[in-house]
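Down below is the structure, laid out as structure tokens.
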Amino acid sequence: MVQHPTDEDLLARVLVPYKDHCTYLRSAVVTESDAGRAVARCEFAIPESCYIDDTGHLNSVEVNICYNQMMYYLVAKSVKEGLGTGFESWTLDDFWKRQLPDILIARFASNFRRPVNPRAFSG
Numbered sequence: 028m029v030q031h032p033t034d035e036d037l038l039a040r041v042l043v044p045y046k047d048h049c050t051y052l053r054s055a056v057v058t059e060s061d062a063g064r065a066v067a068r069c070e071f072a073i074p075e076s077c078y079i080d081d082t083g084h085l086n087s088v089e090v091n092i093c094y095n096q097m098m099y100y101l102v103a104k105s106v107k108e109g110l111g112t113g114f115e116s117w118t119l120d121d122f123w124k125r126q127l128p129d130i131l132i133a134r135f136a137s138n139f140r141r142p143v144n145p146r147a148f149s150g
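Quick note on numbering: the sequence shown equals residues 28 to 150 in my numbering.
Below you can see the structure in the form of structure tokens.
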């Protein structure tokens, strides 16, 4: 498996649609399995909730935002590097045009065994 380290320029561009205080994705290492599946291992930091007073733990709204940012980066990196399947015909210009209107989360669920510190976590 080849690991693709964080592309800082790509990450910055992926996060452009987000308000400054809502850019939580800090790094992402993308790998492609032998089966052709692209996977991202990401680090996040949420210095302050974008909508509620500090609860002291990660909450579902921010988890969803993190998931969005991770997926946008994973798709952009996959397009740029030719990883995985499903985006072979896309260019990065296609991704930038489609990022907001055409990429959406159809279903999302999360489970946590313990509280997670939102200031620094990975997944």
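Even glycine gets a Cβ: it sits at the ideal position worked out from N, Cα and C.
| query | Among the residues of its own chain, which have a CB less than 7 Å from the CB of C69, if the five just before and after it don't count? | reply | Taking the sequence shown and counting its residues from 1, the one referred to as residue 69 is at position 42. Non-local beta-carbon contacts of C69 in its own chain, meaning distances under 7 Å to residues more than five positions away in sequence, involve L52, S54, A55, M97, S149 and G150 in chain order.
| request: Give the straight-line distance between the Cα atoms of S60 and E108, rounded to the nearest whole angstrom. | output: Reading the sequence shown from its first residue, position 33 is the one you call residue 60. Reading the sequence shown from its first residue, position 81 is the one you call residue 108. Distance between the alpha carbons of S60 and E108: 14 Å.
| Between the CA atoms of E115 and D47 - distance to the nearest angstrom | Indexing the sequence shown from 1 puts residue 47 at position 20. Indexing the sequence shown from 1 puts residue 115 at position 88. Distance between the alpha carbons of D47 and E115: 31 Å.
| Within 7 Å, strictly: CB atoms of A147 and A72 | In the sequence shown, the residue the question calls residue 147 occupies position 120. In the sequence shown, the residue the question calls residue 72 occupies position 45. A72 is positioned such that its CB atom lies closer than 7 Å to that of A147.
| request: Could you say which of V57, T112 and V88 lies nearest to E35 if we only look at CA atoms? | output: Sequence index remark: in the sequence shown, residue 35 carries index 8 (1-based). The residue with the shortest Cα to Cα distance from E35 is V57.
| said: Within 10 Å of its beta-carbon, does E89 have 16 or more other beta-carbons around it, so buried, or fewer, so exposed? | reply: Your numbering for residue 89 matches position 62 in the sequence shown. The residue in question, E89, is buried, as its Cβ has 16 or more Cβ neighbours within 10 Å.
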